[in-house]
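Notes follow the structure.
Chains as they are written, first to last, in the working numbering: chain Z, 43 to 415; chain C, 43 to 415; chain E, 43 to 415; chain A, 43 to 415.
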């Protein structure tokens, strides 16, 4: 399929201080031999976009957010096309990472940890969190077109997959990475997932795919519809922690054994770290999958010793995890359309971000932005 | 070699409240078909014996401490002999565990976690921490004879190995389990070991055997001779944390990369938990190998997330780890006699315990008790 | 539930030379302190029972076959009851193994490899292949009662599970061990299983539980109903190798990539070893799960080198695998009743064996013997 | 350090049919933005160069052999320099692979298996086996300069390491990959290595680094000096299979247990495949590390089943393995200078190749070519 001619000017939603986003037009950059251009089809809104929206315009300057991109390769320099293994017109999902390609991490299949693209421990760059002051500005998915950096990481997306579902490749890749590849959810195990957001739901799917026989998802009263969706996606039990005694419930349903694997995907403070450790059985595993922002007061490290626990900090996804996610999405075996609750236009990006941050439209799970809508 | 005739009465050192131990005579129990008797040759003094000495006489009642036993099988019931694979006269090392043999842990090679012998999370029994009120009283190694429970776990000990060194089977087994089997110390890695006690020194040996190229052992000023011994056992660097800036030193010697594996064997509060987490490199592993007794104030769990760390609570040893340790001891490749600093008689058990607790003789590393001295 | 009084004489089917079995009465042995007695409820017929039937009566002497036993603990000596963790009246599945309990394999969770119960590489004993000349004769499941040896390995069986399905614990345990625990079938993978007998069907279930997305089962024209059952159990594709070009079909359905994992459960000569190696993709895994009885002529070992293959010989199951199998059986999630095609009485054991050997009743998959029928 | 000016014409040894090599001058190619040029310092001669020399000139056409290159980056295009993480003047070791960078293998740290650089299962290209008919001809290390393809994989080499030893990075990387990363040689194990060539000796070093306590190297009578060197590198025992009964010797030294790991690095037919399988203990691992060229007649695949063996075909090295090798070389802990027996000039390449093929100078182990000598 031939790509539309590339316009000279394209529109993007630029995030600004004060929780604002405004539409701006940008010149399309010249395409270097080792770079390219993506015509964005749809970009998913990640939970992390909300803190990015609150902080980055101030600390980094105005920027185009959005890093769960699906689109079509609109242009690829001659060097780039060979390096990437894609050609014009290919429908692709992009990872947010821009790894250097030659460090120990990159050469060992762990490019998600590459310093060049690490924005937490260093000043690496990646899609969706690089300011427009860095040329050529088009670093985010809430835009009609995206600049393809030489280090881009691509996945092919089959034509039959709906774009909004395809944007689940990254969050569902996280679920595969965390619950399965790192957490080692196994046949017959009990897995407790704290937090029924899109990451928690992705972990639910991954844990069921892995054969876990008792998958429990926990949330608050306000998460009622998310917990209901967790059930539809295969969770065996859900717990509203405002109504039920979490530890007692898990003890009851496991005959006192507690959970083989606990995945803490909750936001909202450090207390779920403590409950995660209490939920784990002797020799259990605990995954901490998000920033808490506050220290745990009086943390009893002896519980790790007594229960012989393994606690792992988690972030991001491997290439394999995203491939597994796309394979699952393409299979149609899960009602993923129910996760895709809202699609916003480019002029609604602030509303989309507020919705994911819990301050916009109700009952959202996975939102996405269609820049052509 | 035929065993000496079993006496009718044997002597043992009974630990009492008030940091006291007294010699008492006990009737030798009748040997049931599924039990037996060990003539103790020597028993090592474990670091944990000190808190046991301080607490157990009060909480459990008088008891015979000591759980790093080397001895000769003096009697084995007909059922026991088949079950254990040993016969009268065999020289053996015993594990402290008395696992049930039929639970999931026992059937999967993880009998150290068996509830029947878990004294931390339950009221299991094991050698060296069971009171004399439980028949037949002879549950500890600071005794001339030890009762062999049906669930005993044996290792054969070659005749040429000195008894005091053979009692290192358990602590060196811990080192093999922690640094190698669980910690996965690998060729070329940097391993930092906090605390140069016998466990830390055992981890030093295990890390070097595993091919780690930069093994760093840390201690206090008072640990000077232990740190010197760490060097003799293969440590590439030692750090007196009262004189050097620990984090800066490790950063300097690793070119800023920090440690692949950090093993916290220090006692004395929760602060080494924090330094362990700071010492680990991105994607590093941290092992917490002992009870801290106090919570970590304001624990920054986000460091696990940011650095993608794996933190494992550790206790005990697998059968394989103890076999590896005995194999290493028997090889004579390490100057283990230098670890074996003191041998006490049965009437000196309180002094032996104080020495291990830091309140007795100076410059002790591994002490043992010879009940026939 | 109290057990019926133990009779003084019990009946068993004794396998004899010439493919014969005859009913004989045996005195019930005295129960030693470390032994016991099982009232057999039902015993499954394993594929290996057929070669046992053909060979063992001649090489070992008359014997009671049958080693997939479900029953009730009828008596347990005082020592045995503690060691086993079972009590009179418990409903249990037994493993065929009688491991020593104290060797490296036993202490490390690999008791299936224990020399004491290895009948292939040594003269170990186990249930269902020990002659009646070894006291107390009652070593096989095709009997009303079975002697419980001190080294018996037990699994609890819930009351609601039908006995014939419960006898699948061992073959389904093999499937879990081979396809999952050893073969590492993973989410999204292509798994080809050669041979649709009960082992192959068990591997089919395990591979699907593990999340494999393309499970292919192969067989002959005569396996038509077995292949149909494979489909019902979740196989994505079945191939009649007499009608289809096996390699071409797998190439077509994988876009030329071939299989991540190939499990050869076929009997009937060494040719499936060769096809297994051709079916595997670069870096694939191949499991050889049964004795071929003949060498592979002109075996091209360079294929392992060129394709960087891992080839594993497989036999038996771990404790965990059987627990996983029983958990799955108890869940009722698979139509396992369709595997359980025939139940025979004690006087029909020869017919049962011939049926499993392909010379008796047609369309059999899993047969079992009910000694009270 | 600034690089010498690049000459316009450079010399290289071109391999031709009839076991001949001739010096030819080549124009230095223009350096594209994504390519570069290496000033070769020294190139090691791999055992595989001998069959390449015999076959490739005929099947592929004239070519510059040599793929264990050490050199200095003489030129790097602007795109290439960023992609590679090297700059002009850097001293580097190159891998022979030219992986695509974007396939599943490349993205997962297994780029050695990338189809783009696979010359066994496909028509990939790599250094040292690509004919001069493919522009720009300079694909091999037996040359003054080498063309740096965009997909080149680099390792930094410290200035203090002698060039001839640095060329061991690739063969010693194989040893690390095979004996350690894939073979999982472990503390206390018995490892038998068949074939004392440079790969076998590299495996010897890796097995000792990994803590194996009994490393046995086997060879023929003609390998006397290689076996002696194996001893110097740490082998605990060597066996001349023409004088000793191999299986009996290993049985004797292991008390009948046989080897945990057998690594077959022998050339000369398929018979070592059979001995490897006989040498392995129950549950042992066998690595087949080279092409045999002939099928194994009457291969008893049932031995894999009976002994529950794992047999792996091996080729090549991961990035990590080469880094480990370079780290070890730089440490100076092994007398690697003794492996480096011969250095040849560019006009002696045919003699160098014959020497490695066993038809040139005697007593060679690792040879290298210095193109400036």
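Positions of the beta carbon are idealized from the N, C-alpha and C atoms, including for glycine.
Suppose contacts are defined by Cβ-Cβ distances below 8 Å. Is residue i in contact with residue j by that definition?
{"i": "residue 87 (chain A)", "j": "residue 398 (chain A)", "result": "yes"}
{"i": "residue 128 (chain Z)", "j": "residue 134 (chain Z)", "result": "yes"}
{"i": "residue 315 (chain Z)", "j": "residue 322 (chain Z)", "result": "no"}
{"i": "residue 239 (chain C)", "j": "residue 358 (chain C)", "result": "no"}
{"i": "residue 223 (chain C)", "j": "residue 360 (chain C)", "result": "yes"}
{"i": "residue 331 (chain Z)", "j": "residue 306 (chain Z)", "result": "yes"}
{"i": "residue 140 (chain C)", "j": "residue 115 (chain C)", "result": "no"}
{"i": "residue 373 (chain A)", "j": "residue 255 (chain C)", "result": "yes"}
{"i": "residue 235 (chain A)", "j": "residue 257 (chain A)", "result": "yes"}
{"i": "residue 52 (chain E)", "j": "residue 185 (chain E)", "result": "yes"}
{"i": "residue 338 (chain C)", "j": "residue 341 (chain Z)", "result": "yes"}
Around the C-beta of residue i, are 16 or more other C-beta atoms found within 10 angstroms, so that it is buried, or is it exposed?
{"i": "residue 302 (chain A)", "result": "buried"}
{"i": "residue 48 (chain Z)", "result": "exposed"}
{"i": "residue 151 (chain Z)", "result": "buried"}
{"i": "residue 132 (chain Z)", "result": "buried"}
{"i": "residue 404 (chain A)", "result": "exposed"}
{"i": "residue 109 (chain Z)", "result": "buried"}
{"i": "residue 98 (chain E)", "result": "buried"}
{"i": "residue 191 (chain Z)", "result": "buried"}
{"i": "residue 211 (chain Z)", "result": "buried"}
{"i": "residue 415 (chain C)", "result": "exposed"}
{"i": "residue 289 (chain A)", "result": "exposed"}
{"i": "residue 349 (chain C)", "result": "buried"}
Measure the C-alpha to C-alpha separation of residue i and residue j and round it to an integer number of angstroms.
{"i": "residue 107 (chain Z)", "j": "residue 275 (chain Z)", "result": "29 Å"}
{"i": "residue 153 (chain E)", "j": "residue 270 (chain C)", "result": "43 Å"}
{"i": "residue 176 (chain C)", "j": "residue 167 (chain C)", "result": "10 Å"}
{"i": "residue 137 (chain Z)", "j": "residue 195 (chain Z)", "result": "6 Å"}
{"i": "residue 297 (chain C)", "j": "residue 250 (chain A)", "result": "27 Å"}
{"i": "residue 242 (chain E)", "j": "residue 280 (chain E)", "result": "12 Å"}
{"i": "residue 58 (chain E)", "j": "residue 309 (chain A)", "result": "50 Å"}
{"i": "residue 252 (chain A)", "j": "residue 273 (chain A)", "result": "16 Å"}
{"i": "residue 292 (chain A)", "j": "residue 384 (chain A)", "result": "33 Å"}
{"i": "residue 407 (chain E)", "j": "residue 377 (chain E)", "result": "13 Å"}
{"i": "residue 199 (chain A)", "j": "residue 146 (chain A)", "result": "29 Å"}
{"i": "residue 101 (chain Z)", "j": "residue 61 (chain Z)", "result": "13 Å"}
Look up residue i in the DSSP assignment and say whether it is helix, strand or coil.
{"i": "residue 366 (chain A)", "result": "helix"}
{"i": "residue 352 (chain E)", "result": "strand"}
{"i": "residue 155 (chain A)", "result": "helix"}
{"i": "residue 81 (chain C)", "result": "strand"}
{"i": "residue 138 (chain E)", "result": "coil"}
{"i": "residue 376 (chain A)", "result": "coil"}
Where are the alpha helix (DSSP H) runs, 4 residues long or more, that stay fully inside the segment 208 to 292 of chain Z, in chain order?
-> 211 to 217, 240 to 251, 266 to 274
Ignoring anything shorter than 4 residues or poking outside the segment 85 to 136 of chain C, list the alpha helix (DSSP H) runs there in chain order.
-> 91 to 101, 120 to 126
Which whole runs of the alpha helix (DSSP H) in the segment 309 to 346 of chain Z are 4 residues long or more, in chain order?
-> 313 to 321
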